[in-house]
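**Q** What follows is a structure written as structure tokens; I'll ask about it next.
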Amino acid sequence: MPLVSMNEFLPKAKANKFAVGQFNMNNLEFAQAITEAAEELKSPFIFGVSEGALKYMGIEFTVAIAEAAAKKSGLPIALHLDHGSSFEVAMKCIRAGFSSVMFDGSHYSFEENIRLTKEVVKTAHAMGVSVEGELGTIGGVEDDISVDESDANLAKPEEAIRFYEETGVDCLAIAVGTAHGMYAGEPNIHFDIIEKVSKAIPVPVVLHGGSGVPDEMIRKSIEAGVGKINVNTENQVACTQAIRDVLNKDAKVYDPRKYLTPARKAMVEVVKSKIQLFGSANQA
């Protein structure tokens, strides 16, 4: 099965009150783990790829890995640029074979964010590619870019509604109190914002910073209208801990397969737990 746009499954997710996971791909083992978990549970999913991950893996390898996963699994899989910083980066990814892109104009003024997002949407939609937009500033660390929680700005529902109406994005990430990375305490999610926006627009709300959010908050977010949830840090932590465990037990290990195999298995379990929590099992 070829890679698909997020419109292959996000409308169904919103209508049926489940969420599709975006699991970030950082290397081959991440991709294999995500795909294995989704195959077992028959779930659609999104490979998220940040600009940092693109630099690390190379765009050609990234697309080839995602296409191989889609072909092998037969699942509806979207290859999605995560937090794309410019029109140029989005177009580069589309030309390379990405089926979905995010343009993150949240650091621009509201009007400029609308203008720039519209440009991406117009071109991407003409090529059958889905687009995610972002409104408000989400705290935490993403690809070495750090936003202090005091600088994070919640999205205003009326602005989010207008943003959708003027841009026509296929899903909308809004700042509602989550953060990238792991939480020191519990996040303070503003479910009222999610609900107000979701009821007013036909596309799903996106929850960034899904790692470490308590299960009950995730369920409540989905009930309020979230249809896409991003997870990366929990996989990174599980991967790294598994590698540490192997190397701490035996300092003589040098074959990467000896520590990457348990790392991959650890990530499979993380992804399976998220798919079950999000309700996307058996929705492929």
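For reference, each letter of the sequence shown is one residue, going -8 to 275 in my numbering. Idealized CB from N, CA, C, for every residue including glycine.
Please name the residue, chosen from Ala242, Glu150 and Ala22, that lies closest to isoleucine 68 on a Cα-to-Cα basis.
**A** For the residues Ala242, Glu150 and Ala22, the minimum Cα distance to isoleucine 68 belongs to Ala22.
**Q** So what does DSSP say about isoleucine 192, is it helix, strand or coil?
**A** DSSP places isoleucine 192 in coil when its eight states are reduced to three.
**Q** In chain order, what are the residue ranges of uninterrupted beta strand (DSSP E) at least 3 long that sit wholly in the region 36 to 106?
**A** Listed in chain order, the complete beta strand (DSSP E) runs (minimum 3 residues) inside the region 36 to 106 are 36 to 41, 68 to 75 and 91 to 94.
**Q** List the endpoints of the continuous beta strand (DSSP E) containing leucine 163.
**A** Its beta strand (DSSP E) spans residues 162 to 165.
**Q** Could you give the distance in angstroms between the alpha-carbon of histidine 74 and the alpha-carbon of alanine 59?
**A** Computed Cα separation, rounded: 24 Å.
**Q** Does DSSP put asparagine 221 in a helix, a strand or coil?
**A** Three-state result, asparagine 221: strand.
**Q** If you draw a straight line from the alpha carbon of valine 261 to that of isoleucine 192, how long is it in whole angstroms?
**A** So the alpha carbons of these two residues sit roughly 31 Å apart.
**Q** Taking only the alpha-carbon atoms, compute the straight-line gap between valine 222 and valine 40 and give it to the nearest angstrom.
**A** If you take the alpha carbons of valine 222 and valine 40, they lie about 11 Å apart.
**Q** Excluding sequence positions up to five away, which residues of its chain have a Cβ less than 6 Å from the Cβ of asparagine 15?
**A** Result list for asparagine 15: Gly39 and Asn223, in chain order.
**Q** Check the DSSP bridge columns for glutamate 125 and list the partner residues they point to.
**A** For glutamate 125, which the question treats as bridged, DSSP gives the partners Ala164.
**Q** Considering only C-alpha positions, which residue in the set Ser212, Met93 and Phe78 is nearest to phenylalanine 182?
**A** Comparing Cα positions, the closest option is Ser212.
**Q** Would you tell me roughly how many angstroms separate the C-alpha atoms of glutamate 110 and glycine 96, rounded to the nearest one?
**A** Their Cα atoms are separated by approximately 12 Å.
**Q** When you compare only the Cα positions, how much space is there between serine 271 and valine 237?
**A** When rounded, the distance between both Cα atoms is 32 Å.
**Q** So valine 160 and valine 112 are supposed to be a Cβ contact under 8 Å. How far apart are they, rounded?
**A** The Cβ separation is near 6 Å, so the contact holds.
**Q** Assign valine 244 to one of three DSSP states: helix, strand, or coil.
**A** Valine 244 falls in the coil class under three-state DSSP.
**Q** So, are the CB atoms of leucine 70 and glycine 124 less than 8 Å apart?
**A** No. Outside cutoff.
**Q** Excluding the 5 residues preceding and the 5 following asparagine 17 in the sequence, name in chain order all residues of the same chain whose CB lies nearer than 6 Å to its CB.
**A** Excluding residues within five positions, the ones whose Cβ falls inside 6 Å are Ala44.
**Q** Where does the unbroken beta strand (DSSP E) through phenylalanine 14 begin, and where does it stop?
**A** Start and end: 11 to 15.
**Q** Please confirm whether isoleucine 185 has its beta-carbon closer than 8 Å to some beta-carbon of chain B.
**A** Absence of chain B from the displayed structure is noted, only one protein chain being present.
**Q** Cβ atoms of leucine 66 and alanine 242: under 8 Å apart, would you say?
**A** No. Outside cutoff.
**Q** Would you decide whether histidine 98 is buried or exposed? Buried here means 16 or more other CB atoms lie within 10 Å of its CB.
**A** Exposed, by the Cβ-count rule.
**Q** For a test of the three-state rule: what should DSSP assign to valine 197, helix, strand or coil?
**A** Strand.
**Q** Looking at the strands, I want to know which residues DSSP matches up with alanine 275.
**A** According to DSSP, alanine 275 bridges with nothing at all.
**Q** How many whole angstroms separate the CB atoms of leucine 72 and phenylalanine 89, which I take to be in contact at a CB cut-off of 8 Å?
**A** At roughly 6 Å, the Cβ-Cβ gap stays under 8 Å, so leucine 72 and phenylalanine 89 are in contact.
**Q** Along the chain, where does the alpha helix (DSSP H) containing phenylalanine 21 start, and where does it finish?
**A** First-last of the alpha helix (DSSP H) with phenylalanine 21: 19 to 32.
**Q** Exposed or buried, glutamate -1, counting other C-beta atoms within 10 Å across all chains shown (16 or more means buried)?
**A** Buried: at least 16 other Cβ atoms inside 10 Å.
**Q** Mind checking which residues open and close the alpha helix (DSSP H) that includes alanine 215?
**A** First-last of the alpha helix (DSSP H) with alanine 215: 206 to 215.
**Q** Compute the distance between the beta-carbons of alanine 87 and isoleucine 50, then report whether it is under 8 Å.
**A** Yes, Cβ-Cβ distance for alanine 87 and isoleucine 50 is below 8 Å.
**Q** How big is the Cα-Cα spacing for lysine 240 and methionine 48?
**A** About 29 Å.
**Q** Quick check: what's the CA-CA separation for serine 76 versus proline 247?
**A** Each residue's Cα considered, the two are about 33 Å apart.
**Q** Can you tell me whether glutamine 13 is buried or exposed? The criterion is at least 16 other CB atoms within 10 Å of its CB, across all chains shown.
**A** Under this definition glutamine 13 is a buried residue.
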